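Numbering (our numbering), first residue to last: 4 to 122.
Quick look at the structure:
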């Protein structure tokens with residue numbers, strides 16, 4: 004299990020607290036320092052069952068500067084979204100947990116973290 008975190012994020016810290024309390028084995032990835040490439044983002048999106056625009060933090064400064072709210076959300080622009088996430092990792096929703104069964108979750112709630120643990 005791997006968890007993508009931003010240490011400044013309270014949801015990330017909360018997820019780590021739950022994982023630790025449950026004795027889970029996991030690897031921490033500080034994705035703002037160890038930035039995922041486009042291929043990794045594609046893989047995580049597949050594991051999440053989501054599209055890139057589904058995991059974008061639209062209130063981030065970079066999102067506003069790029070004008071993401073006006074971008075089309077379709078197959079033709081999918082690669083453009085993925086490139087934006089790779090170039091501006093702060094846009095990636097967090098925390099993301101990759102579960103042992105090959106799936107992944109955006110673990111912003113205690114329930115989602117526990118679901119990842121059950122996989």
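Just so you know, even glycine gets a beta-carbon here, dropped at the ideal spot from N, CA and C.
Since the model is a prediction, treat every value here as computed from it, not as a measurement.
> Should residue 110 go down as buried or exposed, given a rule of 16 or more other Cβ atoms within 10 Å for buried?
Replying inline: The residue you call residue 110 lines up with position 107 of the chain shown. It counts as buried.
> Going along the chain, which unbroken runs of the beta strand (DSSP E) with 3 or more residues stay wholly within the region 39 to 94?
Replying inline: none
> So what's residue 101 in DSSP terms, helix, strand or just coil?
Replying inline: Residue numbering aside, residue 101 sits at position 98 when the chain shown is read from its first letter. Residue 101 falls in the strand class under three-state DSSP.
> Quick one: Cα of residue 115 to Cα of residue 79, how far?
Replying inline: Here residue 115 is taken as the residue at index 112 of the chain shown, counted from 1. Here residue 79 is taken as the residue at index 76 of the chain shown, counted from 1. Their Cα atoms are separated by approximately 31 Å.
>> Tell me the rounded alpha-carbon separation between residue 30 and residue 102.
In response: As a position in the chain shown, residue 30 is number 27, starting the count at 1. As a position in the chain shown, residue 102 is number 99, starting the count at 1. Distance between the alpha carbons of residue 30 and residue 102 is about 11 Å.
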